[in-house]
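Following: one structure in structure tokens, then a few remarks.
2 protein chains.
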Amino acid sequence: MSLPERTVERLSEYRRSLLQCLEEGKTHIFSHELAELHHNTAVQVRRDIMFIGYTSMQRKGYDVRELIDVIGDILDSEKGLNVAVVGIGNLGRAVTTYFVGKRSKLNIIATFDVETTKIDRVISGVKCYPLSRLKEVVASHQISIAIVTVPADSAAEVSSQLVEAGIKGVLNFTTVPLDVTKDVYLDEYDMITSLEKVAYFVKTSRS
Amino acid sequence: MSLPERTVERLSEYRRSLLQCLEEGKTHIFSHELAELHHNTAVQVRRDIMFIGYTSMQRKGYDVRELIDVIGDILDSEKGLNVAVVGIGNLGRAVTTYFVGKRSKLNIIATFDVETTKIDRVISGVKCYPLSRLKEVVASHQISIAIVTVPADSAAEVSSQLVEAGIKGVLNFTTVPLDVTKDVYLDEYDMITSLEKVAYFVKTSRS
DNA sequence: AAAATATTGTTAATTTAATCACAGTTTCAG
DNA sequence: CTGAAACTGTGATTAAATTAACAATATTTT
Chain A
21 MSLPERTVER LSEYRRSLLQ CLEEGKTHIF SHELAELHHN TAVQVRRDIM
71 FIGYTSMQRK GYDVRELIDV IGDILDSEKG LNVAVVGIGN LGRAVTTYFV
121 GKRSKLNIIA TFDVETTKID RVISGVKCYP LSRLKEVVAS HQISIAIVTV
171 PADSAAEVSS QLVEAGIKGV LNFTTVPLDV TKDVYLDEYD MITSLEKVAY
221 FVKTSRS
Chain B
21 MSLPERTVER LSEYRRSLLQ CLEEGKTHIF SHELAELHHN TAVQVRRDIM
71 FIGYTSMQRK GYDVRELIDV IGDILDSEKG LNVAVVGIGN LGRAVTTYFV
121 GKRSKLNIIA TFDVETTKID RVISGVKCYP LSRLKEVVAS HQISIAIVTV
171 PADSAAEVSS QLVEAGIKGV LNFTTVPLDV TKDVYLDEYD MITSLEKVAY
221 FVKTSRS
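Heads up: the sequence lines are chains A and B, in that order.
Just so you know, we're using the working numbering here: the first sequence kicks off at 21 and counts up by one.
Just so you know, we're using the working numbering here: the second sequence kicks off at 21 and counts up by one.
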């Protein structure tokens, strides 16, 4: 019933490029063009698009606007989802600024921190609440997704508070793997892993 | 000859946890313990470790320190690699701060930006150079990896300058896919894709 | 010291993902 | 109006990654 993770990722990536195309006034795009942009193959693109049941006008490529809409039907929730950023250090601030306004169906509507100096501060139009009010604010604002950017040593604690508060999806930018109940979707990203991967392939390509 | 990407990623993740174990004074760890930490299976862990040719003392679990060393032999370059962060906006600053000192074999030794107000500023001990001096500084400091955190509209240009300067690995945090020659290893990470993936699975788990 | 238990290492089976190969369309050139 | 060219959509195939299954080994229990 639900698409493979890799396909979901690629669809999101395609949309990003398609939105770019739209801005540039490009109305149609071929599978091999999308493929080249995303370092994969035309067949892969066509297969992904087949997956979501869209079919182009033959020989003219895909209609950019239509494809954006179809991907939207798959990826987006109709009413949008509300998102909170937990932990307003350097990374938390950067992430908040970065996300605000990027996608109309994903609204960053609160940030949280423990430090009293940060409470009530507004970052890119988003207000910072004390972590102690997490459950209450999550409920009143119907927040379903949390981006976690707290320091490593408070990550586990924060994670269980999020579950407790009824969060349904977590994006973890912390250096420690989190542990959530299995009704909560968890995605973990660690920059160090990415960088070490790059380093590994740089290393092996030379020897 | 070179390991699958996913395996490299997991090894990096395991090491992260192993370092944590070391700090906590834990000297041995079972495959199922590592598996649980990383949301995968004991078989998977054993297979990954088999891949790198390490074998534990039977029945006592893996020796934490030894395993860290073996993973290091695989992932790290003997003399370490030098890394630059290009683009010192919010994200660039956060990333720089985040990385400095995290891994002894990956040294962040320069940052670059175009804005004159940022030149010569020092972030977490790392100096900011004008982008115009890229090639020169990359050569003189033997920088082989670049982390790209510039705005979307200058990404393509920066990317070709990096290739030109002789960079061998790129980690792209920009919202546009880059295009590099194929002797350069490229890893792209877009937070929006991660967040959209979380949103998608939150959405589908409810319906 | 035999039996039961816990754990690794690895071969084989299975599942999942990616690629090939090609038929079916549309367009274009002559 | 015919044939070549340019694409897409998809069944078949191949390759890659994961999981299952179990023998081998060390430890503990009785």
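Here a beta-carbon is modelled for each residue, glycine too, at the ideal position from N, C-alpha and C.
Residue i and residue j closer than 8 Å at C-beta
i, j, result
"Ala-175 (chain B)", "Ala-104 (chain B)", "no"
"Thr-195 (chain B)", "Ala-219 (chain B)", "no"
"Thr-116 (chain B)", "Ile-129 (chain B)", "no"
"Ile-94 (chain B)", "Ile-72 (chain B)", "yes"
"Asp-210 (chain A)", "Arg-36 (chain B)", "yes"
"Tyr-82 (chain A)", "His-48 (chain A)", "yes"
"Ile-187 (chain B)", "Val-158 (chain B)", "yes"
"Tyr-205 (chain A)", "Val-222 (chain B)", "yes"
"Ser-160 (chain A)", "Leu-101 (chain A)", "no"
"Cys-148 (chain B)", "Ile-91 (chain B)", "no"
"Lys-46 (chain B)", "Val-28 (chain A)", "no"
"Val-63 (chain B)", "Leu-54 (chain B)", "no"
Member of the options whose CA lies at the smallest distance from the CA of residue i
i, options, result
"Thr-169 (chain B)", "B:Glu-98, B:Asp-207 and B:Gly-121", "B:Asp-207"
"Asp-133 (chain A)", "A:Leu-154, A:Thr-201, A:Phe-119 and A:His-48", "A:Leu-154"
"Asp-203 (chain A)", "A:Glu-216, A:Leu-182, A:Thr-213 and A:Val-222", "A:Leu-182"
"Arg-26 (chain A)", "A:Ile-69, A:Ser-152, A:Gly-112 and A:Val-106", "A:Ile-69"
"Lys-125 (chain B)", "B:Glu-156, B:Lys-99 and B:Thr-137", "B:Lys-99"
"Glu-56 (chain A)", "A:Glu-33, A:Leu-42, A:Gly-189 and A:Tyr-74", "A:Glu-33"
"Thr-201 (chain A)", "A:Ala-185, A:Thr-61, A:Leu-38 and A:Thr-131", "A:Ala-185"
"Met-77 (chain A)", "A:Ser-51, A:Ala-62 and A:Ile-212", "A:Ser-51"
"Val-120 (chain A)", "A:Ser-144, A:Glu-86 and A:Gly-45", "A:Ser-144"
"Arg-67 (chain B)", "B:Asn-192, B:Phe-193 and B:Leu-23", "B:Leu-23"
"Arg-226 (chain A)", "B:Phe-193, B:Ser-225 and B:Gly-189", "B:Gly-189"
"Leu-191 (chain B)", "B:Gly-112, B:Glu-53 and B:Val-63", "B:Gly-112"
"Val-146 (chain A)", "A:Thr-224, A:Asp-199, A:Lys-80 and A:Tyr-118", "A:Tyr-118"
"Glu-86 (chain B)", "B:Arg-141, B:Leu-42 and B:Val-142", "B:Leu-42"
Assigned exposure category for residue i - 16 Cβ within 10 Å defines buried
i, result
"Ser-179 (chain A)", "buried"
"Pro-197 (chain A)", "buried"
"Ala-114 (chain B)", "buried"
"Asp-96 (chain B)", "buried"
"Val-106 (chain A)", "buried"
"Ser-214 (chain B)", "buried"
"Ser-152 (chain A)", "exposed"
"Val-84 (chain B)", "buried"
"Arg-30 (chain A)", "buried"
"Leu-38 (chain A)", "buried"
"Ser-136 (chain A)", "Residue identity check: residue 136 (chain A) is Thr in the sequence provided, not Ser. Exposed: under 16 other Cβ atoms inside 10 Å."
"Thr-61 (chain A)", "exposed"
Which of helix, strand or coil DSSP assigns to residue i
i, result
"Asn-110 (chain A)", "helix"
"Phe-50 (chain A)", "coil"
"Phe-132 (chain B)", "strand"
"Val-178 (chain B)", "helix"
"Glu-208 (chain B)", "strand"
"Ile-163 (chain B)", "strand"
"Gly-81 (chain A)", "strand"
"Tyr-149 (chain B)", "strand"
"Ile-143 (chain A)", "strand"
"Leu-198 (chain B)", "coil"
"Asn-73 (chain A)", "Note that residue 73 (chain A) is Gly in the sequence shown, not Asn. It is coil, neither helix nor strand."
"Val-190 (chain B)", "strand"
"Val-105 (chain B)", "strand"
"Val-120 (chain A)", "coil"
"Val-170 (chain A)", "coil"
Any non-hydrogen atom of the ligand ZN within 7 Å of residue i CB
i, result
"Thr-194 (chain A)", "For the structure depicted, the ligand ZN is absent and the ligand set is empty, with no information on it obtainable."
Worksheet entry | Start-end ranges of the alpha helix (DSSP H) lying completely within the stretch 22-50 of chain B, minimum 4 residues | 25-43
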